[in-house]
Amino acid sequence: MSHTPAMAEHPLAPSLARTAGPLPFWPVRCGRPHGPGWLTYSQLLTEHAVEGLLAEVDAALGGGRALAAQTLVGRVGGPVVGVLAAMLFAERRLPVLEPGRILLRFPAGPAEPPDLAIADASLLALSDDPAAARPDVTVVAGVDDLQRALVAHSHRLFEPFVELVSRLGRRGRRALWQGLADRIALGFLEVGKHAEAAERARAEAEATLGGAAVRPLRLDVDWLEVEHAGRTELFKRKSVCCLRYKSVTRPARYCATCPLVPREHSVERLGALLSRSTD
8 MSHTPAMAEH PLAPSLARTA GPLPFWPVRC GRPHGPGWLT YSQLLTEHAV EGLLAEVDAA
68 LGGGRALAAQ TLVGRVGGPV VGVLAAMLFA ERRLPVLEPG RILLRFPAGP AEPPDLAIAD
128 ASLLALSDDP AAARPDVTVV AGVDDLQRAL VAHSHRLFEP FVELVSRLGR RGRRALWQGL
188 ADRIALGFLE VGKHAEAAER ARAEAEATLG GAAVRPLRLD VDWLEVEHAG RTELFKRKSV
248 CCLRYKSVTR PARYCATCPL VPREHSVERL GALLSRSTD
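Residue numbers for the sequence shown, in my numbering: 8 to 286.
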């Protein structure tokens, strides 16, 4: 589907455009893009495709199949669930995505963040949404309905991919799902910080994930509070290690927010990063 006036008028397009500020690392296009290299997410749901992607990630990072598996699920699923969480928080809208309408391109290979496009989607929204009367918008009663739908939809969308990657990459399902739950929480946090509403984002992430009916995405969200320049900066502590420390080609120490790092060391490292960023 090419860009047309009808697509430009769809409420999904301006909502996605507004995520560009708070989510600069997860840019997403609305509409079916042209050019080489684009794949639908549905094309990735085969053993052959996953084996190829795992091999590419492992060649880029070294460190074994488990690292490749954790990285791949984060690269494919992370931007999608992060954008969904951001839209729920900022727009009170939730796109209902289909695998054939999610497109990804890996310009630097699947070990690095992809380009992402959504060709089309219906929406869940609240009754006071300006788009509520559209035929492709389903009205729900409240924010808690959107939160439940976010978790259920994320699980339905990525269950086949997680199953394939877990089996072929020899990485436990729980670790892969918890990595995606982290990305949902991070989507809330990043858009909340952008809106100067980090505490509200914190509360909504906890409400969405803490009692989630879908067990693989249930998460007691862990936060790190760092005092800097007279204010408290909030960070999301990961629930599972990303394993990047195992990389042979790109050696690195544990992430500052890694659960394997003692909390006081994480706070110290994050404080140092904040100080350097404001120098």
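Heads up, the beta-carbon is just placed ideally off N, CA and C, and yes, glycines get one too.
- DSSP places THR78 inside the alpha helix (DSSP H), whose first and last residues are 72-98.
- Apart from sequence neighbours up to five positions away, the residues of its chain that approach LEU241 with a beta-carbon distance below 7 Å are LEU196, ALA205, ARG209, TRP230 and GLU232, ordered along the chain.
- Between ARG244 and GLY89, the alpha-carbon positions lie close to 15 Å from each other.
- Contact between the stretch 167-184 and the stretch 109-124 is absent: fewer than three C-beta pairs spanning the two stretches fall below 8 Å.
- The stretch 152-163 makes no contact with the stretch 42-54; the number of CB pairs closer than 8 Å stays below 3.
- By the Cβ test, the stretch 37-49 is not in contact with the stretch 70-80, since fewer than three Cβ pairs between them sit closer than 8 Å.
- The C-beta of SER273 has 16 or more other C-beta atoms within 10 Å across all chains shown, which makes the residue buried.
- Annotation for ASP229: the continuous beta strand (DSSP E) segment containing it runs 229-235.
- Scanning its chain for C-beta atoms nearer than 7 Å, with the 5 sequence neighbours on each side dropped, one finds around ARG207 the residues GLY199, in chain order.
- DSSP, read as helix, strand or coil, puts LEU153 in helix.
- The three-state secondary structure of PRO142, taken from DSSP, is coil.
- Remark: C-beta atoms of GLY176 and ARG251 do not approach each other more closely than 8 Å.
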